[in-house]
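Protein chains in written order, with our numbering: chain A, 1 to 343; chain B, 344 to 686.
Heads up, the beta-carbon is just placed ideally off N, CA and C, and yes, glycines get one too.
Note that the structure is a prediction, hence the values are computed from the model and not measured.
What follows is a single structure, written as structure tokens, with notes after it.
Protein chains: 2
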Amino acid sequence: MPNPTIYDVARTAGVGVGTVSRVLNNSTRVSPETQEKVLSAIRVLGFRRSKVARQLSTGIQHRNIGAIMPFITHPSFVERLRGMQLALNHQDNDFNLVLYNVSEPERYHEQLLAMVEQATVDGLLIATLNVSDDQRDLLTQAGIPFVTLSDACGEALNCISPDNRHGGYVAAQHLLELGHRRVAYVGDAFPNIYGFPTSELRYEGYLSALKEYGIPYHSEYVCLGAHGEDTAHRLTEHLLALPEPPTAIFAMSDIQAVGCILAIREAGLRVPEDISVIGFDDVQLSRYIGLTTVRQHLEQSGYLGMQLLLNMLTAPDNVVARQLPPLELVVRGSTQHWSALFR
Amino acid sequence: MPNPTIYDVARTAGVGVGTVSRVLNNSTRVSPETQEKVLSAIRVLGFRRSKVARQLSTGIQHRNIGAIMPFITHPSFVERLRGMQLALNHQDNDFNLVLYNVSEPERYHEQLLAMVEQATVDGLLIATLNVSDDQRDLLTQAGIPFVTLSDACGEALNCISPDNRHGGYVAAQHLLELGHRRVAYVGDAFPNIYGFPTSELRYEGYLSALKEYGIPYHSEYVCLGAHGEDTAHRLTEHLLALPEPPTAIFAMSDIQAVGCILAIREAGLRVPEDISVIGFDDVQLSRYIGLTTVRQHLEQSGYLGMQLLLNMLTAPDNVVARQLPPLELVVRGSTQHWSALFR
DNA sequence: CTGTTAGCGCGTTCAC
DNA sequence: GTGAACGCGCTAACAG
Numbered sequence: 001m002p003n004p005t006i007y008d009v010a011r012t013a014g015v016g017v018g019t020v021s022r023v024l025n026n027s028t029r030v031s032p033e034t035q036e037k038v039l040s041a042i043r044v045l046g047f048r049r050s051k052v053a054r055q056l057s058t059g060i061q062h063r064n065i066g067a068i069m070p071f072i073t074h075p076s077f078v079e080r081l082r083g084m085q086l087a088l089n090h091q092d093n094d095f096n097l098v099l100y101n102v103s104e105p106e107r108y109h110e111q112l113l114a115m116v117e118q119a120t121v122d123g124l125l126i127a128t129l130n131v132s133d134d135q136r137d138l139l140t141q142a143g144i145p146f147v148t149l150s151d152a153c154g155e156a157l158n159c160i161s162p163d164n165r166h167g168g169y170v171a172a173q174h175l176l177e178l179g180h181r182r183v184a185y186v187g188d189a190f191p192n193i194y195g196f197p198t199s200e201l202r203y204e205g206y207l208s209a210l211k212e213y214g215i216p217y218h219s220e221y222v223c224l225g226a227h228g229e230d231t232a233h234r235l236t237e238h239l240l241a242l243p244e245p246p247t248a249i250f251a252m253s254d255i256q257a258v259g260c261i262l263a264i265r266e267a268g269l270r271v272p273e274d275i276s277v278i279g280f281d282d283v284q285l286s287r288y289i290g291l292t293t294v295r296q297h298l299e300q301s302g303y304l305g306m307q308l309l310l311n312m313l314t315a316p317d318n319v320v321a322r323q324l325p326p327l328e329l330v331v332r333g334s335t336q337h338w339s340a341l342f343r
Numbered sequence: 344m345p346n347p348t349i350y351d352v353a354r355t356a357g358v359g360v361g362t363v364s365r366v367l368n369n370s371t372r373v374s375p376e377t378q379e380k381v382l383s384a385i386r387v388l389g390f391r392r393s394k395v396a397r398q399l400s401t402g403i404q405h406r407n408i409g410a411i412m413p414f415i416t417h418p419s420f421v422e423r424l425r426g427m428q429l430a431l432n433h434q435d436n437d438f439n440l441v442l443y444n445v446s447e448p449e450r451y452h453e454q455l456l457a458m459v460e461q462a463t464v465d466g467l468l469i470a471t472l473n474v475s476d477d478q479r480d481l482l483t484q485a486g487i488p489f490v491t492l493s494d495a496c497g498e499a500l501n502c503i504s505p506d507n508r509h510g511g512y513v514a515a516q517h518l519l520e521l522g523h524r525r526v527a528y529v530g531d532a533f534p535n536i537y538g539f540p541t542s543e544l545r546y547e548g549y550l551s552a553l554k555e556y557g558i559p560y561h562s563e564y565v566c567l568g569a570h571g572e573d574t575a576h577r578l579t580e581h582l583l584a585l586p587e588p589p590t591a592i593f594a595m596s597d598i599q600a601v602g603c604i605l606a607i608r609e610a611g612l613r614v615p616e617d618i619s620v621i622g623f624d625d626v627q628l629s630r631y632i633g634l635t636t637v638r639q640h641l642e643q644s645g646y647l648g649m650q651l652l653l654n655m656l657t658a659p660d661n662v663v664a665r666q667l668p669p670l671e672l673v674v675r676g677s678t679q680h681w682s683a684l685f686r
């Protein structure tokens with residue numbers, strides 16, 4: 001018997017289903033003997049009460065908010081998650097926060113499909129993942145409101161995203177203002193396997209800054225690869241081996257910046273004396289290691305995203321857009337003035 | 344009408360419930376006209392189909408694994424979470440990971456109660472929280488298997504925990520071996536508000552090391568307070584203001600160690616030249632900032648905990664205990680030899 | 001104290 | 001193509 005029900009339990013215990021239900025909820029008093037009979041029947045059959053049946057019967061609606069993103073292990077995710085939790089705790093509704101980690105890009109769509117087919121979530125927070133038109137329609141038709149925390153959204157109302165192009169510009173500008181002229185970009189390869197254009201946007205910002213300062217573009221200063229510290233490390237080694245290595249690196253994320261810094265140190269050079277490094281995100285780590293970066297208020301974006309979604313879920317006809325604070329340049333110790341004169 | 348059902352939709356559309364169900368699942372072909380009638384009825388009534396009823400009807404069992412802990416924002420949580428996710432992804436079952444953050448200790452029990460009463464989770468991972476006998480019985484009676492990731496568990500099978508007393512010993516021993524004689528302990532006040540004795544156990548290890556090395560105990564070297572960087576910062580300021588300040592500090596967590604280091608630097612002293620600092624946990628951050636610490640394999644503990652729980656959930660009569668690897672001393676740059684001779 | 005029965009909201013057979 | 005009836009597993013209200 002694969003899935004015994006209370007009827008099975010009742011039968012083997014020689015009692016009615018009501019009694020079984022009673023011992024399960026120890027509501028009214030049940031005589032010790034029958035209690036024991038029921039309990040042993042439960043044990044023998046390996047009975048486990050069905051959650052859904054129970055919820056249907058009691059009328060208790062359990063609402064799940066799914067947070068789906070790749071790299072659940074990445075620091076930037078943690079920051080966002082923190083914000084989501086905060087927003088959820090703030091208003092005391094009983095929504096559950098369910099985590100979905102997209103381990104392989106191919107499975108993303110499949111996971112989304114399962115969610116709507118099996119009705120697992122009532123609302124969805126989608127971060128660092130693109131939402132295609134088909135997927136948008138799928139969710140909309142299924143009546144699952146969603147908020148994206150990435151920048152593949154155009155001007156949609158349900159999107160919380162920083163101006164990544166501007167952020168890229170700000171980062172590059174900072175280095176250029178410090179006198180750097182050989183400025184490299186280390187970022188994710190695009191098109192990204194998950195379909196979001198973050199790296200490309202920051203890269204465009206970088207390009208426009210170069211242009212504005214009249215710096216010629218050198219393709220060998222642009223190093224693209226998979227996301228992560230290790231790749232950034234390798235790319236930096238490559239940069240340092242160039243005949244004319246860069247004097248400054250703009251890494252598209254703090255984690256990648258860390259990879260750069262480690263590679264630089266291993267090459268016997270110092271940050272920022274020999275090479276300046278600026279990151280992007282301002283995750284918790286960056287404060288501790290003194291990384292200059294562009295703060296994109298990750299925690300707050302999680303907070304606002306959750307707030308918006310809750311708003312859509314609880315007051316669908318009065319949804320108000322949420323605005324992320326502007327990006328901020330945070331200057332710490334990893335960037336420094338550079339002048340050819342002193343070399 | 345607060346919660347319209349398919350019956351309501353059917354009535355206002357002038358069709359049967361079967362038809363409504365069909366357009367909802369676009370299974371069999373429905374004539375365009377009736378389709379439109381149903382769709383508009385759905386729109387008018389603001390109908391949303393019930394998740395639970397659907398799941399009950401289709402027989403799709405959705406299993407939730409809850410992870411409950413305080414401080415969801417803390418790095419040590421993230422490490423564990425990563426391990427949990429990994430274990431979940433490893434075996435391809437459709438369990439959902441649901442996060443529960445205990446924001447206030449008073450609410451913990453209430454949350455647990457809600458979980459069993461409302462049948463929200465099928466299994467529970469409890470970290471950094473104590474499980475009282477009552478709570479154990481509550482969960483057991485409700486048939487909710489759980490695994491604890493803290494050390495308030497004795498020798499229970501369903502517990503993944505490092506030997507914190509030993510860990511405290513190892514940390515203190517390291518400092519003593521380096522020649523330190525004025526060794527401070529910075530940790531959480533105990534009894535902890537969440538009921539887990541971690542700080543006390545590490546403190547006991549610290550004590551036994553002192554004793555073994557014949558170092559007299561100085562109560563002013565033991566600084567206890569709330570968990571967190573800021574408190575550790577304050578406690579360290581206090582330590583430094585002592586007539587005979589310590590030459591080494593054992594912080595019960597890496598985050599607290601960071602607080603210590605920051606306070607030491609702000610006092611114009613250097614780590615490790617003037618004062619050595621050792622932490623506990625070995626979170627990701629520690630590697631980057633070069634903190635000497637005791638590695639407690641947090642990620643792996645999350646992994647093993649999840650694995651054990653899945654085991655309990657899927658093969659209840661063949662549960663095998665999981666063993667955490669032993670604690671490891673990880674020596675990095677924040678501790679140094681100390682000898683009064685050179686002062 | 002305990003057995004019986006009517007729903008909970010939806011999917012899915014059947015006949016029509 | 002469409003409507004009516006039954007069942008999913010459980011709770012709760014009602015009789016006994």
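Do we get a CB-CB distance below 9 Å when we pair B:V352 with the residues of chain A? no
Presumed contact (8 Å Cβ cut-off) between B:G426 and B:Y560, rounded CB distance: Wrong, their Cβ atoms sit about 37 Å apart, outside the cutoff.
What span of residues does the alpha helix (DSSP H) with B:I604 cover, start to end? D597 to E609
Quick one: what does DSSP say A:E328 is sitting in, helix, strand or coil? strand
Taking DSSP as the reference, what is the three-state secondary structure of B:V421? helix
Sheet register partners of A:I68 (DSSP bridge): A:Y100 and A:I126
Considering only C-alpha positions, which residue in the set B:P413, B:A430 and B:Q434 is nearest to A:N89? B:P413
Counterpart residues of A:V294 in DSSP-defined beta bridges: A:L329
Start and end residues, alpha helix (DSSP H) containing B:L567: Segment V565 to G568 is the beta strand (DSSP E) holding B:L567; no alpha helix (DSSP H) there.
Excluding the 5 residues flanking B:E587 on each side, which residues of the same chain have their C-beta closer than 7 Å to its C-beta? R525
Roughly how many whole angstroms lie between the Cα atoms of A:V116 and A:A87? 24 Å
For chain A, check one thing: does any of its Cβ atoms lie closer than 9 Å to the Cβ of B:T657? no
With a cut-off of 9 Å, does the C-beta of B:H523 fall near any C-beta of chain A? no
Can you pull the DSSP bridge partners for A:I249? A:A184 and A:V277
So A:L157 is in the beta strand (DSSP E); what residue range does that whole segment cover? No beta strand (DSSP E) contains A:L157, which DSSP labels as neither H nor E.
Give me the Cα-Cα distance between A:E110 and A:E104, rounded to the nearest whole angstrom. 11 Å
Chain A contact for B:L641 (CB, 9 Å cutoff): no
Taking the C-alpha atoms as reference points, what is the distance between A:V15 and B:Q484? 19 Å
Can you give me the start and stop residues for the alpha helix (DSSP H) that B:V360 sits inside? V360 to N368
Using 9 Å as the limit for Cβ to Cβ distance, is A:R82 near chain B? yes
Might you give, ordered along the chain, the residues of its own chain that have their beta carbon closer than 8 Å to the beta carbon of B:Y537, omitting 5 neighbours on each side? P413, V445, P448, Y451, T471, L472 and N473
By Cβ distance, which residues of its chain are closer than 7 Å to A:S339, with the 5 residues on each side in sequence left out? G179
When the cut-off is 9 Å and only beta carbons count, does B:Y537 lie next to chain A? no
Would you list the residues sitting across from A:R63 in a DSSP beta bridge? A:F95
Residues in its own chain within less than 8 Å of A:Q300 by CB, not counting five upstream and five downstream? G83, L324 and P325
So, helix, strand or coil for B:V373, using DSSP? coil
Cβ distance (whole Å) where A:L45 is taken to contact A:T19 below 8 Å: About 15 Å; that fails the 8 Å criterion.
If I measure Cβ to Cβ from B:L518 and keep anything under 7 Å in the same chain, skipping five residues before and after, which residues do I get? V526, A591, F593, S619, I621 and T678
Do you know how far the Cα of A:Q256 is from the Cα of A:H233? 8 Å
How about B:D531 and B:G568: are their beta carbons less than 9 Å apart? yes
Quick one: Cα of A:A171 to Cα of A:E220, how far? 19 Å
My output table needs one value for B:L492: the three-state DSSP class, helix, strand or coil. strand
Per-residue contacts from B:Y451 into chain A (C-beta, under 8 Å): Those within 8 Å of B:Y451 in chain A number zero; the least Cβ separation is about 13 Å.
As a quick exercise: from A:D8, A:R80 and A:T73, pick the residue whose alpha carbon is nearest that of A:R49. A:D8
State the Cα-Cα distance for the pair B:F489 and A:V271, rounded to the nearest angstrom. 48 Å
Since I believe A:E328 is in contact with A:R295 (beta carbons under 8 Å), could you give me their beta-carbon distance rounded to a whole number of angstroms? 4 Å
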